[in-house]
Amino acid sequence: QPHQAIGGDFCDFIPLGNEEAFICMADVSGKGVSAAFLMATIQAHLKALIEHTNWTLESIAKHLNDKVNEMSRGDRFVTVFMAYFHYPTRMLHYLNAGHNPPVVLNGQETRFLTEGTVGIGMLKELPFVNKGQVKLSRNAMMVLYTDGVVELENEHKEEFSQERIASLIKEKSTYIENMDEMVSHIIHALDLHRGEEPYFDDTALLCCRFI
Numbered sequence: 166q167p168h169q170a171i172g173g174d175f176c177d178f179i180p181l182g183n184e185e186a187f188i189c190m191a192d193v194s195g196k197g198v199s200a201a202f203l204m205a206t207i208q209a210h211l212k213a214l215i216e217h218t219n220w221t222l223e224s225i226a227k228h229l230n231d232k233v234n235e236m237s238r239g240d241r242f243v244t245v246f247m248a249y250f251h252y253p254t255r256m257l258h259y260l261n262a263g264h265n266p267p268v269v270l271n272g273q274e275t276r277f278l279t280e281g282t283v284g285i286g287m288l289k290e291l292p293f294v295n296k297g298q299v300k301l302s303r304n305a306m307m308v309l310y311t312d313g314v315v316e317l318e319n320e321h322k323e324e325f326s327q328e329r330i331a332s333l334i335k336e337k338s339t340y341i342e343n344m345d346e347m348v349s350h351i352i353h354a355l356d357l358h359r360g361e362e363p364y365f366d367d368t369a370l371l372c373c374r375f376i
């Protein structure tokens, strides 16, 4: 849901043959047409890297950092979470570049995926790049979101918070049949939380179940 007519949030799920899938979410600083234009360019560049290069998560992060610096000249940055899931081993490999950490419900344990680097375009060169990984049990869930979700305030200036998302998915995980229901459940909780307060930023949600 964009804050204005168009926004700078982006998410995607890209199958990689029969054994892997690529998952990502990104958020450009700022709002409106210029943020949307930069995001569209980054989305196209990301897909080209995946389809036409022998990529790694680390190499994608470095390529995107160069691209954002080239386009924005330090005026904007992009937070990005990207991961690929290998079905046979059930390993999720991920890199979080300054993004709000996705929450994973793995069995009865919830954890936030924080390993990675700084936001894309914040610096001319990334000072470090760390890849994380986690083995996912059957029916594990992952929820990706942008800051417009967790920073949404109610009338008392209380933020919705990433901890609330973790509690919601743990509470509802055994009762929902598909991820559309989980998205609807979180949006309903957001609307109850904000009351009469408006959405102040672009919001994006992507919910995955690893069957």
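Everything in the sequence shown is counted per the working numbering, starting at 166 for the first residue and increasing by one. Where is the CB? At the ideal position from N, CA and C, for every residue including glycine.
Say whether chain C places a C-beta atom closer than 9 Å to the C-beta of residue i.
i       : result
Leu-371 : Here there is only one protein chain, and chain C is not present.
Cutting at 6 Å between CB atoms, please list the residues of its own chain near residue i, excluding the five before and the five after it.
i       : result
Arg-255 : Lys-300 and Leu-301
Ile-186 : Strictly speaking, residue 186 in this sequence is Ala, with Ile absent from that position. Within the same chain, Ala-186 has close Cβ partners Pro-180 and Phe-250.
Met-347 : Ile-341 and Cys-372
Ile-225 : Leu-214
Since residue i is in the beta strand (DSSP E), which residue starts that stretch and which ends it?
i       : result
Lys-227 : Per DSSP, Lys-227 belongs to no beta strand (DSSP E); it is in the alpha helix (DSSP H), 222 to 237.
His-217 : Premise fails: His-217 lies in the alpha helix (DSSP H), 197 to 217, not in any beta strand (DSSP E).
Asp-174 : 174 to 181
Tyr-252 : Per DSSP, Tyr-252 belongs to no beta strand (DSSP E) and is neither H nor E.
Leu-270 : 268 to 271
Val-193 : 185 to 193
Return the bridge partner residues of residue i from the DSSP annotation.
i       : result
Tyr-340 : Tyr-340 pairs with nothing; no bridge assigned.
Arg-329 : In DSSP, Arg-329 forms no bridge with anything.
Gly-297 : Tyr-259
Gly-278 : The question names Gly, yet the displayed sequence has Leu at residue 278. DSSP lists no partner for Leu-278.
Val-243 : Val-193 and Ile-285
Arg-131 : No answer is possible for residue 131: it lies beyond the span of the chain, which begins at 166 and ends at 376.
Glu-324 : Glu-318
Can you tell me the Cα-Cα spacing of residue i and residue j, whole angstroms?
i       : j       : result
Met-204 : Gly-173 : 6 Å
Arg-359 : Ser-194 : 22 Å
Val-198 : Arg-374 : 33 Å
Arg-303 : Pro-267 : 18 Å
Thr-311 : Ser-349 : 16 Å
Ile-207 : His-353 : 31 Å
Thr-368 : Asn-265 : 12 Å
Asp-177 : Ile-188 : 6 Å
Leu-257 : Gly-281 : 14 Å
Met-287 : Asn-230 : 8 Å
Met-190 : Asp-356 : 22 Å
Ala-170 : Glu-184 : Interpretation of Ala-170 is limited by its pLDDT of 46, a score under 50 that renders its predicted location unreliable; the figure taken from the coordinates is listed afterwards. If I take the Cα positions, the gap works out to 37 Å.
Asp-192 : Thr-279 : 16 Å
Asn-143 : Val-283 : Nothing can be reported for residue 143: it is not among the residues displayed for the chain, which extend from 166 to 376.
Ile-334 : Phe-242 : 30 Å
Val-308 : Asp-345 : 12 Å
Could you give the residue range of the alpha helix (DSSP H) that holds residue i?
i       : result
Val-315 : 312 to 315
How is residue i classed by DSSP in three states: helix, strand or coil?
i       : result
Ala-369 : coil
Thr-307 : Note on identity: in this sequence residue 307 is Met, with Thr being the wrong assignment. Strand at Met-307.
Glu-346 : helix
Leu-291 : coil
His-264 : coil
Go through its chain and collect everything with a Cβ distance to residue i's Cβ below 8 Å, but skip five positions before and after it.
i       : result
Ala-331 : Val-268, Leu-270, Thr-275 and Phe-277
Gly-272 : Ser-302 and Ala-305
Lys-232 : Thr-206, Ile-207 and His-210
Within its chain, find whatever has a CB closer than 7 Å to the CB of residue i; leave out the 5 residues flanking it on each side and keep chain order.
i       : result
Glu-362 : Glu-318, Asn-319 and Glu-320
Lys-337 : Met-347 and His-350
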